[in-house]
Structure formats: structure tokens, C-alpha cells
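Just so you know, the sequences run in chain order A and B. Taken in order, the first sequence gives residues 1 to 516; the numbers are from the numbering used here. Taken in order, the second sequence gives residues 517 to 897; the numbers are from the numbering used here.
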Amino acid sequence: MAHGPAKGITRWLYTTNHKDIGSMYLWFSFAMFFLGGIFALVIRAELFQPGLQIVEPNFFNQMTTMHGLIMVFGAVMPAFVGLANWMIPMMVGAPDMALPRMNNWSFWILPFAFLMLVSTLFMQGGAPNFGWTFYAPLSTTYAPPSVTFFIFAIHIMGASSIMGAINIIATILNMRAPGMTLMKMPLFVWTWLITAYLLIAVMPVLAGVVTMMLMDIHFGTSFFDAAGGGDPVLFQHVFWFFGHPEVYIMILPAFGIVSAIIPTFARKPLFGYSSMVYATASIAFLSFIVWAHHMFTVGMPIAGELFFMYATMLIAVPTGVKVFNWVATMFRGAMTFETPMLFAVAFVILFTIGGFSGLMLAIAPADFQYHDTYFVVAHFHYVLVPGAIFSITAAVYYWLPKWCGHMYNEAMGKAHFWLAFIGLNLTFFPMHFSGLAGMPRRIPDYHMMFADWNMLSSVGAFLFGGAQVLFLYIVVSTILKGKKATAEVWDNPEGLEWTVPSPAPYHTFSTPPEVK
Amino acid sequence: MLKRAHRLFAWLLAPAVLMISYQTLAEKAESLKFNMTEGVTPVSREIQSLHMEMFWWCVAIGVVVFGIMFYSMIMHRKSRGVKPANFHESTGLEILWTAIPLVILVIMAIPATKSLIELYDSEEADMTVLITGYQWRWEYDYVESDVSFFSNLSTPRDEINGYAPKNPNYLLEVDEPLVVPVGQKIRFLVTASDVIHSWWVPDLGVKRDAIPGFINDAWAVIEEPGIYRGQCAELCGKDHGFMPIVVEAKPQAEYEAWLEEKRAEAEALAALTEKTFTFDELYERGEKVYGQWCAACHQADGSGIPGTFPALHDGSKAVGPIEEHIDVVVNGVPGTAMQAFGEQLSEVDIAAVVTYERNAWGNNMGDQAQPIDIYNHKQGN
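Spelled out as C-alpha cells, the structure:
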């Protein structure tokens, strides 16, 4: 009955197994994480001191653009899809994903999309240089010729995300083991279910906006060209209608991960399970009606400014509920601080700090000073790096023993955590100050008054980068020669995934488990 | 083993962290800028106080939340032998921590709404300046008088490339600042001719996107004479980091004298259109104009950037018929980054730069354009 995987390269090319596909997604995202990280280090090296030392301004813009695109679409999103592939079937007691062949397809188109995107660096005119937000008309009339390849790459990534989302929804809604009611599902499953709906809602919007760009560039339309009666601000509305839910796509699954890890290491059930579910749903709903807070300075009418300011402030309420719930889960627990817990706790603290700066940015009048400065860069890196990256890292440490059957080295895991934690804060905290002092984002050179903060940020960035090399070493050495892990791995963790042996067999739950 | 690694780590790291933080704090505390400027207008002051108010709210919430969190991380550790509690729900608590943030948000929203309404009230201005963003410079047009000019970065390339020491206003200096009177309500109309830019002067509390096809407005009453510096805040291409803004606020009388001087200058320049220049005069002037307006894209040696900005050698208009060359400079190339310079540059400057391009870097065309040729071209004959 049980049979193992095929041998050789065809195992990976033809696989329909959720674990194999999950692993491929995770390795792919790891590779992209390093590539995007190298781009970030080029940026930080150039900004180490005032003056132009290493790169030309045009190449600098290519680096900021590619860093953003690769990290968002190549590192964070595939990592979450990889985790979903590995964990959701095991968490709901399903034998595999609902649509395994589509699963294979949605992964395998990704490497080609990114190959195409990265190849633009070697094209005449260079890679996209208009920022990851690619505002028209800079990204249409004034773009390098490679923009067409960028558009095609975005289309493929979008198709991959939509297929992944459909698969996840189908799995969760149809493949749960008997007794696994919706309100018994682990929060990671819940947050992913909601994320998948967000993906289906907004990826077509992204596809739409890049198609409009394509038409403007090649087919003579004027969607975004004022000279032809078009509207450059329309681009921003459409982009951010995708873009704001997109940032929650990158954070909601993280909420699910942290909600799994904190109870395990606090040895106490998650506080307020149902309010966590409702808070996630509210955040998802609000994400659709706040997009123009990215555009407070474009000259909206005051009624628009007020609406988007109030709606944005409201996000603080469900997000606050989540943070309070995590703290209440920790309160009067019996805590230990293994590596996954360290990353999860750091997530709560640093994400909250990012939330605070988010609340400040929501105040429209103040945003006239914050907008497009390093204060914004600090804000979204504080929510994305400790938010998405730390939660993914926590998830890897938490579930890696289940995946490969080996335990990682705790001392090295902790060293990784502290290096990453210090590196992150050293990189991004000073950006609050350089931004408030008046440094605009996306500039390759700056006045001396910003020099000290930038030097600190650059030192921190290289420290953070080094920490990730250690992470790669830890993961590889754990898989190759780590100590044998038990089925439970941790001290009485909750969830079906811990009822199967470590490593998890190639096929799990061929007969559905019993859920009490 | 684990404990030891832990301790070793702390010993290694602590001194480094302490050293860095001590040095930065002690030496730099005086000169270091780390907070939003209060600025010199009523709006900028209001924004700054709003910013500080928000900041202290965040600090207060942070102290409470992180306080409880760290308390339990210290007190509720397994190593202290505590037994975990088992509570996981409390409707009362949940309602409380939904309601309290809501109340705080309302308290925050009230002053924010007031400031926003004030910020949007650009009615009844004493004067108006039309600001147009270009790749990569600003144009200022004094709507009520016949004065308009361009404002370019004036930091020498050598300072940027590290061949010369950087002056105190590095990257925040221009050839012609925007001069305005103090104590007057100035209305800024902001637009752009190519891509989106954003006109931002922190001390004025003004940041408005400059969008082609749209005119945004903002206003300021500057209370103290002085020089206020800002930068373009929206990514606008290669030299986004090199199009600063300098605003010089002067007392009314000085401002009027300046305005008069500007008007006279413009008239003198117009008179030059009728003059005939020698080749050397044109070439010399053209070299300056080229460095200021063309070199950013076409590069100082005319070699361009392959794939983005064409070289001005073989196959380009610079070595073709002079009529077409003039046409490209005056009218630009629609749908590309090549702007129409007909309105931006004077006839003299266009004639000079065309002459220069046709005869520099081995382009030995040997011909020249006179201002009157440009004038005629613009008139369509």
C-alpha cells in the first residue's frame, strides 16, 4: 500500500505529492531569499556613505526594484505556499492536496517566471528600474524595453498564485478529516483559507494593471498617459487595490504560524481562538478599503483622505486583538524559549513596533511628512521582516524535525536568532530616524546629515545577511546529520501533524484520522 | 553546552553593541538629526505636534503591552518550576481590549481631522507659484508676474564621485532657488511634464505629488526668513536623488526687488535672440548647457546609455540634417524620455547646444545654428 517516491530527477519534475512540492516551494523561496538579499546588500553597500561609490544611479534603481519584486513574489509568497503544501493536508487530516496535478504545475511555472525576471538584468537597457510599485508613466513610456518581460513574468507569477490559492481552498473545504469542523481547524489553516481568498480576489487585479501597461506600451492605448486622455493616478488606485491586500497575504499566514508556536512553548492553549479567526477575517475585509492610504499625497479630495485615514486606523483594532491574545496566551504559561519560540516572540514584539509606525502613517496630515521617506521603509520592513521572514524561519525550526526526522542544533539555532535579531534592528531601526530627519526613499546618494544612520543600517544589513548564511548551514546540516527526532518533537504540541512519525511518511492519512 | 554557547555569545556581542551605541550617542548627539522638523509654517508645526502626540500614544501602549509580555516571560518560565494555567477565553477581557483601542483611535482622529482640514484650505492666497517637475529639475512659474525659471542641482559631479570634498549643502543646493516672501500665504500649484515627481520641503510641511495632466495645490505661510531645503520624494527615474528643492524666504521688500531683477534678466535674454553669435561663442555656451541639461542622459561624452538613452554619434540626429536636429531638441520625441526643450530653454541656449553637439566628441559637422534659426523653427517657418 505505502510506496515511496520515484527516483532521480523525475521525482521532482512529475511529483504530485504535497510534501515534495512543499519542499520545492521552500527551497525555491530560500534561493530567491538569498538573491533578493544580495540585491539588498548592493543597495546597502552603496548607501554605506554619501557619494556614489559602487553602482550607477540607474543600476541602483534596478536593485531596489528587483529586491522588492524578488522578496515579495519570490521569497515570501512561495515560502508560505510551501508551508501550506506541507502542513495543511497534515493539519486537516487529508492524504494530499485536493488538486495534485495543478499543484505541480503551479510550482513549476514559477522558476521560469523568475528566470525571465532575473534575465532582464542582462538585457539592453537593464532590468526594471521603476520600483516594485512600478508607477506609470515611469514604468510605461519611460521604462526600459525589458518591462515587457517583467509584465509577462508577473502574469505567470499571478497564475501560479491563483492556482495555489484554488488548491488550498479546495483542500480545506473538501478534504478535512471527519470531525474536523471549521472552528476546530488550526489557525494556520484558517489564516491560509482567508489568505487564499484574498489572493483570488486581487491577483487578477494585478494582472489587469500590468495588461493595461502592456497595452499602453505596445498597442497605443492611453490608460495611464495624460497626453492621450489617460490618468496616471488610476494606475496607483488599481495597483494599491491589489497592493494592500497583498501585504496582508504576506502577513496572515504568519499569524497562523505564531498562533501554533506560542501555545506549544507556553504549554497553554491559545487564548481566544474564535476571536483570532474573526480578527483575521476583519483584517482581510478591511484590507480592501484602505488602499489609498498609500496615496495620501496624490491630491485626493479631503473626503477621500478622511475615509481612508479612518478605515486605516480601524485596522489597529483587530490587529491589537491578535497581539493581546498572544500575550494572554503567554501569561501564566510555563514557557521555554527554544529557537522557534524566540522567533515567534520576536515576531510579536517587532511586528507590534511596525504596527505602531503603521498607526502613525495612517494619520493623513502626518503622512504628508512621512510619505516616501525612510520612515516608510522602516515601517514596512518592520512588518515584513519580523512579520513574514521571522515567522517563516520560526515555522522552519518548528516543523523541520517533522519534515526530515532530524533535530536541528539548538545552540546554533539560538545563535542564528540573536544574529538575525540584532542585525534586523540595527538595519531598520535607524531608518526611522533617517526618514524623520528627511531622507527620501529610493535615492542612491544623500546629504551628510543622514550618514550616521545609513552607516549603521548598512552594518546591520550585512550582519543580517551573514545570519541567513548560518541558517542555510543549519538547515542543510540538520537534514544531513541531525539527531533523530521523536514523533512529537516538542513537549506535548497540539495538532494532527504530531501524530504521524518523524520524518512524516511519504503518504500520510491515507485513511482519515479520528478528530475528537 | 547550550548555556556556555549562550554566555560566550553574550560576552562577544555586548561590548560591540555598547561601543557602537556609546560612540554614536556621545559624539553625535549634538549634530544628529533624528526627529521630524518643526518647520517654519503653521501647518508644519501642527504636523510635528501631531506626530509627537501619536508617538507618545504608541510609547504608552507599548509600555503596557510589552510590560505584561516581559513580566510573563520572566516570571512564567518553566525553569522557575511554574505550572501552566489552562484559561483560554474571557469574553469580558476581549470586549475590553476591543473597546479601549477604539476609544484611543477616536481621540487620535479628532486632532488629525482638524489638521487635515486646515492643510487642505489653500483659499485666499496672496500669491501663486506654479511648480512643474521634469526629469530631473523643477520649474517655477510666478503666475502673477512674468517670471519663470528652472532650478537645477548645482552640486559638482566631482563631489558626487568623491574626487572633491563635499560641501555643507551637498545635493541640497540649486542654481536658482525658489524665492518667496515671508508672511504671505503662498499657493503652490504642482504638476509635472513627464513622470510623477513629488515636491517636498519638510520645513514648509508641504509634500505634493507632481503628476502629468493633474494640478495639485498646497500652501504655506513662511514665518521666518531663511533657506529651506527639500528633495523630490517620488521615484522619477535615474536622477531622482539629484533634483533638490531650495526655497529662499525673504522679507517682502527684498522679494520684490528680486522679482524686478528677474524680470529684467528675462528681457535681456530675449534680446539675445536677435544677436548673431560666433561659432566659438556658441560652442562654449553649448558645452555648459549640455552639461546642465543633456549630460544626465546622453552622458558627458555623448555616448548615452545603450538601450535607454541613445548615443549622439553615428546614426543620431546630431550628425544628420540640422533642421531635424533642431526639431528633436525643440519638440522632443513623443513616447520616449526625450523631452521637448523648446519651452524650457531659450533660443540662444538651444542654438548653442545644437552647435555643440554637432561639433563635439569627434562629430565634425562644422555647421552651426543661430538663435534666430531656432526662433524661426518654433514659428514654423
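C-beta atoms are modelled at their ideal positions from N, C-alpha and C, and glycine is treated no differently. Fair warning: this is a prediction, and the values are worked out from it, not measured in the lab.
Listed by position along chain B, the residues whose Cβ is nearer than 8 angstroms to that of A:Thr336 are Arg593, Lys594 and Ser595. For A:Glu488, there are no neighbours in chain B by C-beta distance under 7 angstroms, as the nearest C-beta there is about 16 angstroms away. Under a 10 Å Cβ-count criterion, B:Val659 is classified as exposed, with fewer than 16 other Cβ atoms of the shown protein chains found around its own Cβ. The criterion of a C-beta distance shorter than 7 angstroms is not satisfied by B:Glu863 and B:Pro837. The stretch 35 to 54 of chain A and the stretch 68 to 79 of chain A touch, with three or more beta-carbon pairs separated by less than 8 angstroms. For B:Ser667, the uninterrupted beta strand (DSSP E) run begins and ends at Val663 to Ser667, by DSSP. Taking 7 angstroms as the threshold, the shortest C-beta distance from B:Leu720 to chain A does not fall below it. The three-state reading of DSSP puts B:Asn602 in coil, since its state is none of H, G, I, E or B.
Closest option to A:Asp372, judged by alpha-carbon separation, among A:Met24, A:Ser434, A:Cys404 and A:Gly126: A:Ser434.
Restricted to the stretch 257 to 300 of chain A, the alpha helix (DSSP H) segments that are unbroken, complete and at least 4 residues in length are 273 to 286, listed in chain order.
Scanning its chain for C-beta atoms nearer than 6 angstroms, with the 5 sequence neighbours on each side dropped, one finds around A:Phe271 the residues Asn325, Ala328 and Thr329, in chain order. Going by beta carbons, A:Pro513 and A:Ala266 fall outside the 7 angstroms limit. For A:Trp291, the number of other beta carbons within 10 angstroms of its own is at least 16, and it is reported as buried. Residues of chain B whose Cβ lies closer than 7 angstroms to the Cβ of A:Leu436 are, in chain order, Phe550, Asn551 and Met552. By the Cβ rule, the stretch 718 to 729 of chain B does not count as touching the stretch 870 to 879 of chain B, because fewer than three pairs are nearer than 8 angstroms. By the Cβ criterion, the stretch 381 to 390 of chain A is in contact with the stretch 419 to 431 of chain A, since at least three pairs of Cβ atoms, one from each stretch, lie closer than 8 angstroms. For B:Arg561, the enclosing alpha helix (DSSP H) covers residues Pro558 to Met591. DSSP places A:Val209 in the helix class (H, G or I) of the three-state scheme. Per DSSP, the continuous beta strand (DSSP E) segment holding B:Asp733 begins and ends at Asn732 to Val737. With respect to the 7 angstroms criterion, A:Pro128 and A:Thr65 are classified as neighbours on the basis of their beta carbons. Taking 7 angstroms as the cut-off, the beta carbon of B:Gly721 is found closer than this to the beta carbon of B:Ser560. Against chain A, the CB of B:Cys574 has a partner CB under 7 angstroms away; the residue lies at that interface. Straight through space, the alpha carbons of B:Ala816 and B:Trp572 are spaced by roughly 51 angstroms. Here DSSP, grouped into helix, strand and coil, assigns A:Met250 to coil. Pairing B:His604 with A:Pro269 gives a Cβ-Cβ distance under 7 angstroms. In terms of beta-carbon proximity, A:Asp216 stays away from the interface with chain B, with every pair separated by 7 angstroms or more. Around B:Arg724, the beta-carbon contacts reaching into chain A at under 9 angstroms are Thr297, Val298, Gly299 and Phe368. For the pair A:Tyr374 and A:Met431, the CB atoms are nearer than the 7 angstroms cut-off. Chain order gives the chain A residues near B:Thr614 as Val317 and Val321, where near means a beta carbon separation below 7 angstroms. About 7 angstroms separates the Cβ atoms of B:Leu694 and B:Val762, confirming a contact at the 8 angstroms cut-off. Between B:Ala812 and the set B:Asp889, B:Asn880, B:Leu775 and B:Asn668, the nearest pair of CA atoms involves B:Asn668. Around the beta carbon of B:Ile623, fewer than 16 other beta carbons lie within 10 angstroms, which makes this residue exposed.
DSSP places A:Gln62 in no beta strand (DSSP E) but in the uninterrupted alpha helix (DSSP H) bounded by Pro57 to Leu69. Residues of the same chain with a CB within less than 6 angstroms of the CB of B:Glu764, apart from the 5 flanking positions on each side, are Pro693, Val695 and Ile743 in chain order. A buried status is given to B:Gly555, since no fewer than 16 other beta-carbon atoms sit within 10 Å of its beta-carbon.
The continuous beta strand (DSSP E) containing B:Asp657 extends over residues Arg653 to Tyr658.
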